[in-house]
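Presented below is the structure to which this report refers.
Chains as they are written, first to last, in this note's numbering: chain P, 12 to 452; chain Z, 207 to 577.
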């Protein structure tokens, strides 16, 4: 009993004696919370890649320029131009003099090297956080044919973008679109394909018949488009590599258009118009089996699959004017998701699955906008005489669309989903109806 | 005859069969049924990875070229440990804290005595690193014919020194004022093409104009003060002593105990706010993906006694939300903010070093992600 009563007393005494020192010893870290930051492009530098042999010299600068243009084009980064560089990268494996790059306010530094042997090219790179003087992630080496050098630059750009932003890039991708030429009353419209940065344009149709609304398959090796080759709009399926094509979903006495692949590439959803009614259908490509998804007296068109393939968003005028609806992939009851003023059309589901991009006509202006799947958080990103036909970048960060000013030829534009960084996409001539491919394999 | 005819017929059939088979095989293997490669997609193969660790090994300078910095503080402490004694006075050259701490040697062969590094590999330092101060770069690296460096002692008139302590402070603050103007110019709100109304632009310019004009206004005031008296030019020694006097006075005021020496005051809220605002001004979330903007990450750091963050001590305390890639990007953005804005020290009271030696910073971009 005595022992029991003494121990707490001794403990208390010891506790009082040690209290000041313990309090000092266990000083908790100062804790602060940062909830506000700044939004400004991150300065980066890409000095010319190091040519590790003579033949690599012709690519050393070009690689750096393509990477710089890609990253600058995001609007998230700002290049410190080569003329301002103080430091020089003369060897890929030499230590980086970070003080040289800090002096010009560089935050991210990309160094690389290139070697060419015959028709083979080897490109390697590293990314550094200049502020802390640390390498970010692993360096990467790419081997390929010399004619793939631009793809290598795009791959490097994707790696850098992912490390800096935390999301995958979109540079190693292509865009299929309608290249327009000739007078307005006798327009020539060809299906064309190019790199996402506007380079390497090639034409997939000869322009003898009007073509429009090309769409990439999920694997990027096939496209769907609508052509008037037979005198009526018909849907064509084309293999990009062989250029072979075939009509799908044809039904005598009807018009078929607005096709889009399912996420697994096995089926196509499209509009079929007959007797003034336009309904949605789904076609299984391997079997030719077809399902009618909507059956109304109105126009249902512009369908787009959700990334999981379970739902379809489309436009319909069943409420009196064009609005957006979502329904199961098997058809059935459609839920209206757009309730704002104006007309909504050409919805496209984001690759991330969280947003729908659309065209909106309101007060005599056209807009490209995004909204959540429940119709909330609608944000209009653009405004002009005519903006239409959005398509998502593979990572769901950028939207490309067609813009046409009054009396002018159509051009392709891109905008970040924040509404920033609106810029024109380089094309050889007038262009419309873009469709962005997934990242190339 | 019938047998011969029968034999000839069989040979023809056999020859025909062989030829047909050959044609079919050729077509199947190399012809119509073979899927051609997409000529638009040249093949690219990723063949090797160069890990950061491997490259770090490559970057290790020879021992005779550069000595790695061997301060024990370079090891990121898992949790803060107390200093043996609170040091009331600031130390111009921070020294390793004597308290035993878990040391994770970064360099394979740490030198016993820290020496100024000759290599440019940046490591957390408790001594001022000249390479971190851009204005101290040699001029000849920028221009082939460097202009003669202006003598700061000439540009500052003795009268300026007489105007004294306030002006000295103003000179130090000049870069910060410029930085603040630059930050204010950075957009923090999403301005789309739709919301960008031309009518508001003049108003915005008007609103920002006074901030820009603040800086030129201060110089004439200083010039007027310096030009007013007819006092002769004081010798440089007098000027230096005036600076020392002012510094001594300021330091004396700063470290003078306000009350009992045994109970140092607590860090005030405004001092904490100052640290918070300093880091906020360098936390660039514009680069982050929408997913990374959903990451809440807590980063722990250890400070030097002159309130500079020790880079190697930066570690992740906790994180929530986002993928690994998003978390990495969020960590990088937070680390950059801490290092960049702390490069000249955070200006925390040195007598309270034990209160801010270890700091945990929660980066919560929830409010930024909606912009």
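Glycine included, C-beta positions come from ideal geometry on N, C-alpha and C.
As the structure is a prediction and not an experimental result, all values here were calculated from the model.
At a Cβ-Cβ threshold of 7 Å, residue 353/P and residue 531/Z do not count as neighbours. Nearest in C-alpha terms to residue 317/P, of all of 123/P, 391/P, 86/P, 276/P, is 276/P. Residue 140/P reaches chain Z at 538, 541, 542, counting residues in chain order whose Cβ is nearer than 8 Å. If you draw a straight line from the Cα of residue 384/P to the Cα of residue 366/P, it is about 6 Å long. Under the three-pair Cβ rule at 8 Å, the region 98-110 of chain P does not count as touching the region 79-88 of chain P. Scanning chain Z for C-beta atoms nearer than 8 Å to the C-beta of residue 53/P yields 490, 492, 493, reported in chain order. In this structure, DSSP gives residue 178/P a state outside helix and strand, which the three-state scheme calls coil. Each residue's CA atom was taken as its position, placing residue 382/P and residue 408/P some 14 Å apart. Residue 439/P counts as exposed, since fewer than 16 other C-beta atoms from the protein chains shown sit within 10 angstroms of its C-beta. When the Cα atoms are used, residue 549/Z and residue 434/P turn out to be separated by approximately 36 Å.
Three or more Cβ pairs closer than 8 Å define a contact, and the region 467-486 of chain Z falls short of that threshold against the region 517-535 of chain Z.
A distance below 6 Å between beta-carbons, with the five flanking residues on each side excluded, links residue 57/P to the following residues of its chain, in chain order: 75, 78, 79, 121.
Spanning the alpha carbons of residue 252/P and residue 130/P requires a straight line of approximately 22 Å. Listed along chain Z are 399, 400, each with a C-beta nearer than 7 Å to that of residue 394/P. Non-local C-beta neighbours of residue 329/P in its own chain, meaning closer than 7 Å and more than five positions away in sequence, comprise 307, 309, ordered along the chain. Less than 7 Å separates the beta-carbon of residue 356/P from that of residue 326/P.
A contact is defined here as three or more CB-CB pairs under 8 Å, and the region 109-126 of chain P fails this definition with respect to the region 516-524 of chain Z.
Apart from the 5 residues on each side of it in sequence, residue 523/Z sits with its Cβ closer than 6 Å to the Cβ of 504, 506, 566 in its chain, given in chain order. Looking at 142/P, 312/P, 154/P, the one whose alpha-carbon comes closest to that of residue 67/P is 154/P.
Closest in alpha carbon position to residue 208/P, among 267/P, 187/P, 248/P, is 187/P. Just so you know, the alpha carbons of residue 140/P and residue 423/P end up roughly 34 Å apart.
Taking 4 residues as the minimum length, the alpha helix (DSSP H) runs contained wholly in the region 118-183 of chain P are 160-176, in order along the chain. For residue 403/P, the enclosing beta strand (DSSP E) covers residues 398-403. Residues of chain Z whose Cβ lies closer than 9 Å to the Cβ of residue 315/P do not exist; the shortest such Cβ separation is about 20 Å. In this structure residue 226/Z is exposed. Its beta-carbon is surrounded by fewer than 16 other beta-carbon atoms within 10 angstroms. Membership of residue 294/P in the beta strand (DSSP E) is indicated by the continuous run 288-295.
Under the rule that a run must span 4 or more residues, no alpha helix (DSSP H) segment is found entirely inside the region 352-406 of chain P. Secondary structure at residue 231/Z: helix, using DSSP grouped into helix, strand and coil. Minimum Cα-Cα distance from residue 490/Z among the listed residues 551/Z, 561/Z, 541/Z, 514/Z corresponds to 541/Z. Under the DSSP definition of a beta bridge, residue 435/P partners with 424/P.
For residue 515/Z, none of the residues of chain P pass the 7 Å Cβ criterion, the least Cβ distance being about 10 Å. Measuring C-alpha to C-alpha distances from residue 431/P to each of 231/P, 410/P, 448/P, 400/P identifies 410/P as the nearest. Judged by their CB atoms, residue 320/P and residue 274/P are nearer to each other than the 7 Å cut-off. In this structure, residue 379/P sits away from residue 397/P, with a CB-CB distance that is not shorter than 7 Å. Of 195/P, 228/P, 90/P, 52/P, the smallest CA-CA separation from residue 448/P is found for 228/P.
Nearest Cα to residue 136/P within the set 166/P, 437/P, 189/P: 166/P.
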